[in-house]
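Chains as they are written, first to last, in numbering that gives the first Met the number 0: chain H, 0 to 373; chain P, 0 to 373.
There are 2 protein chains.
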Amino acid sequence: MGRFSVTYWLGAADEPEARTRALDIALEQTVEIPRDTVPAGYVEDEILGRLEKIEPAGTERGGFLAEISYSDDDMGGDFLQLLNIVFGNSSIKANIRVEDIRLSEGILSLCAGPRFGLPGLRERTGVDNGPILMSAIKPVGLSASELGRLAHDFALGGMDLVKDDHGLVDQRTAPFSDRLKACVDGVNEANARTGGRAAYVPNITGPAMQIFDRAWMAKEQGAGGVMVAPALAGYDVTRALAADPEFGLPIVSHPTFSGANMITPTTGFSHRFYFGLLQRLMGVDAVVYPNFGGRFGFTLKECQSIVEGCQMEFGGYKPIVPAPGGGMTFERVPEMRAAYGDRVMYLVGGALIREKANLVEASKRLVAAVRGDA
Amino acid sequence: MGRFSVTYWLGAADEPEARTRALDIALEQTVEIPRDTVPAGYVEDEILGRLEKIEPAGTERGGFLAEISYSDDDMGGDFLQLLNIVFGNSSIKANIRVEDIRLSEGILSLCAGPRFGLPGLRERTGVDNGPILMSAIKPVGLSASELGRLAHDFALGGMDLVKDDHGLVDQRTAPFSDRLKACVDGVNEANARTGGRAAYVPNITGPAMQIFDRAWMAKEQGAGGVMVAPALAGYDVTRALAADPEFGLPIVSHPTFSGANMITPTTGFSHRFYFGLLQRLMGVDAVVYPNFGGRFGFTLKECQSIVEGCQMEFGGYKPIVPAPGGGMTFERVPEMRAAYGDRVMYLVGGALIREKANLVEASKRLVAAVRGDA
């Protein structure tokens, strides 16, 4: 059977210590029994993790990079088990971080990958060049018709995607089905006037037994995509939706509740892995993440590594669209253009809501500023 | 409507800075728009988070404790939205940690809580006094009949619960349905000989669209509980299962992939909150966590805070069973008895697998050592 491999950064004083830690990980992530009790034959030869390579991580960061290979057999065609092998129990240890993954036939066959990605979203939105734009309707507490009006105005102003705030679920002020109808209608009405192709993207994160129902409801009612928060809803939801040709809607991933996964430099995942490679394996088409210089602490370099993870060659999977958000304002457009160029989707929420009285005009100004034809 | 509140630890140089941060959180976790754009009336009065209290956290740890209240309306009867409000986007910030929650009518009505907890598990296992014991069948790569034999021997040796290793899913070496049958049969056969009530607890973490099917399959085939890894499968799965009276099996929660949620003292959740209070809201009956002094870095004090979170008075929810695991050995029994007394479930995996040739005898010795009647 095939094997995939994961590269971990390990904090360790010297190579013998790093090697010992790496061999511990190879055990922990697979058989989880003491080394001398691993059954000879198939379990030892195939299932047990195998340390393939270990080397210093370089002078700047210190520590070591260890590449450990795992069996497709162990993964057993199960995406959560893949994640369990990649970083299950070892996630609870410090001084270990997931940096990279080398794919296998088993992963390529399990993970269909993004159905649309950047090329598919360009085709659907008609934005052949330049950045795509996405706004968010909010806050929670508005009625379905008020939210539908916001969606209409954003679409009329030229936004390509209009997504729910991630806090919109099924509150009594704007129940999911009412909001879905109001926003789809609002966006369609705007499209009829502009001749555009704006799309509404409802948040389907919700009760475990209703997530797929909401996804299909969105599809049937004419939404142009769905948004899921994998750290809350579970990491297999997007993969299952992306793999279903009958479903066939773009998927936006939201980072809420995922923070601790990448917030310190010596635990969790690298930004590039978590917001890039992992999202592509999950079949996500566009990934929301906190922009540098906003309300969150990500650096420019970390954000650029996310773009790399989203768009570098990776098992033939389509490149996907990084969507930096969180405190974007009009003033920051030039800086973001310089940092990201055309490769990202601009997510603008609060800064537009501020212009509520003139939302259509404000959206138009932003679109013009971002596309550089202002 | 009712309001619940969350207490956050905030790293801040002085009270004005802490207050500013707390007010930012109140915005971020609810309306997520600039303060001066929050609509007056219902949104501002009800939905917007409200800073109720702020005070120094005490000299030892520094920083501040801020209590922020939120509306049941915002939660909208959705558990993932509750978690989203508690720590959604703010999870991506450093120097903020979730410490405590004050319940509301809305939460009490949404979260049925643990169906069994410690009293229910005592009744089902017949262990009226002293610690309950749980072992794990492993490693991945053994056949269903080999795993069934391990389950049989553990049960014959007096273990109360026999759970799957969390890496066992639906691998071809031991497909879920084959393993379920072999292990239920093995445990039943042992019970017939001992007159005991040992129970098999399969891992139902798996593809998003199959998790509930596997739970029901486990129920129908005679399993005595199910195990779920919420950080992989999603945080609403256990709540949904616990709330269903037709299901009615105990639920064991596994910490795999959750590590980053509590691994640093200034991000994520306190151990007490994550492994205690949150699990009870999720309807979990027993929670596996890494024991102090084993392969993971949790301290004795952190582990004792987990026991507190599992068993303190909390909204009338049943106390649940903390199950420390990860490197437990025979030698550590006295130390663990001293630290935990009778209030926990001992999870012993690898140390027993080592005694595979005499698993029944080894299990008996361990049971005797733990129960103090050796």
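For each residue, glycine too, the CB sits at the ideal point set by N, CA and C.
The beta carbon of Gly267 (chain H) falls within 8 Å of a beta carbon belonging to chain P, placing the residue at that interface. Counting along the chain, the unbroken alpha helix (DSSP H) around Met74 (chain H) starts and ends at 71-74. Within the same chain, Phe115, Arg196, Ala198, Gly223, Pro249 come within 8 Å of Arg123 (chain H) by CB-CB distance, once the 5 residues on both sides are set aside. From the listed residues H:Arg148, H:Pro289, H:Phe313, H:Gly48, the smallest Cα separation to Pro321 (chain H) is found for H:Pro289. Contact between the stretch 74-93 of chain H and the stretch 219-238 of chain H is established, with three or more Cβ pairs separated by less than 8 Å.
According to the DSSP assignment, Glu51 (chain H) belongs to the beta strand (DSSP E) that extends over 49-55. In the structure shown, the three-state DSSP call for Pro323 (chain H) is strand.
Around the beta carbon of Gly40 (chain H), a 10 Å sphere encloses fewer than 16 other beta carbons of the protein chains shown; the residue is thus reported as exposed.
The beta carbon of Arg353 (chain P) sits closer than 8 Å to some beta carbon of chain H. With a contact defined as Cβ atoms closer than 8 Å, Ser134 (chain P) and Val359 (chain P) miss out at about 12 Å.
Neighbourhood of Glu330 (chain H) in chain P, by CB distance below 7 Å: empty, with the nearest CB roughly 14 Å away. A Cβ-Cβ separation of about 4 Å places Leu155 (chain P) in contact with Ala189 (chain P) under the 8 Å criterion. Boundaries cannot be given for Ala111 (chain H), as no alpha helix (DSSP H) includes it and DSSP labels it neither H nor E. Lys52 (chain H) counts as exposed, since fewer than 16 other beta carbons sit within 10 angstroms of its beta carbon. Among the CB atoms of chain H, one or more fall inside 8 Å of the CB of Pro254 (chain P). Short of 7 Å from the beta carbon of Ile352 (chain H), and not among the five residues preceding or following it, lie these beta carbons of its own chain, in chain order: Lys137.
Within a 10 Å sphere around the beta-carbon of Asn128 (chain H) sit fewer than 16 other beta-carbons, which makes this residue exposed. Residue state for Thr6 (chain P) is assigned as strand, using DSSP reduced to three classes. Against chain H, the beta carbon of Ala338 (chain P) has no neighbour under 8 Å; the closest one sits roughly 19 Å away. When C-alpha distances from Val225 (chain P) are compared across P:Arg148, P:Ile24, P:Asp73, P:Leu167, the shortest belongs to P:Leu167. Contact note: Gln303 (chain H) does not reach chain P at a C-beta cutoff of 8 Å; the least C-beta distance is about 18 Å. For Tyr339 (chain H), the uninterrupted alpha helix (DSSP H) segment begins and ends at 332-339.
Taking each of P:Ile46, P:Arg294, P:Leu179 in turn and checking the Cα distance to Ile67 (chain P), the smallest one comes out for P:Ile46.
Between the stretch 274-282 of chain P and the stretch 299-310 of chain P, the count of C-beta pairs closer than 8 Å reaches three or more; the two stretches touch. A distance below 8 Å between beta-carbons, with the five flanking residues on each side excluded, links Phe246 (chain P) to the following residues of its chain, in chain order: Ala214, Trp215, Lys218, Leu240. Fewer than three beta-carbon pairs drawn from the stretch 22-31 of chain H and the stretch 100-114 of chain H are found closer than 8 Å, and the two stretches are therefore not classed as touching. Counting the other CB atoms within 10 Å of its CB gives Gly340 (chain H) a total below 16, which places it among the exposed residues. Ranked by how close their Cα comes to the Cα of Ala173 (chain P), the residues H:Gly75, H:Glu59, H:Ser70 have H:Gly75 in first place.
Between Val186 (chain P) and the set P:Leu299, P:Asp152, P:Ala356, the nearest pair of CA atoms involves P:Asp152. In the DSSP secondary-structure assignment, Arg96 (chain H) is bridged to H:Trp8. Contact check for Pro318 (chain H) against Leu149 (chain H) fails: the beta carbons are separated by 8 Å or more.
When the alpha-carbon of Gln170 (chain P) is set against those of P:Ser269, P:Asn202, P:Thr193, P:Val183, the nearest one is in P:Asn202. Asn187 (chain P) carries a helical assignment under DSSP once its states are collapsed to helix, strand and coil.
Residues of chain H whose Cβ lies closer than 8 Å to the Cβ of Val236 (chain P) are, in chain order, Ala207, Gly233.
Listed along the chain, the chain P residues whose CB falls inside 9 Å of the CB of Tyr69 (chain H) amount to none; the nearest CB is some 10 Å away. Cβ neighbours of Arg294 (chain P) within its own chain (closer than 8 Å, five residues either side excluded): Gly325, Gly326.
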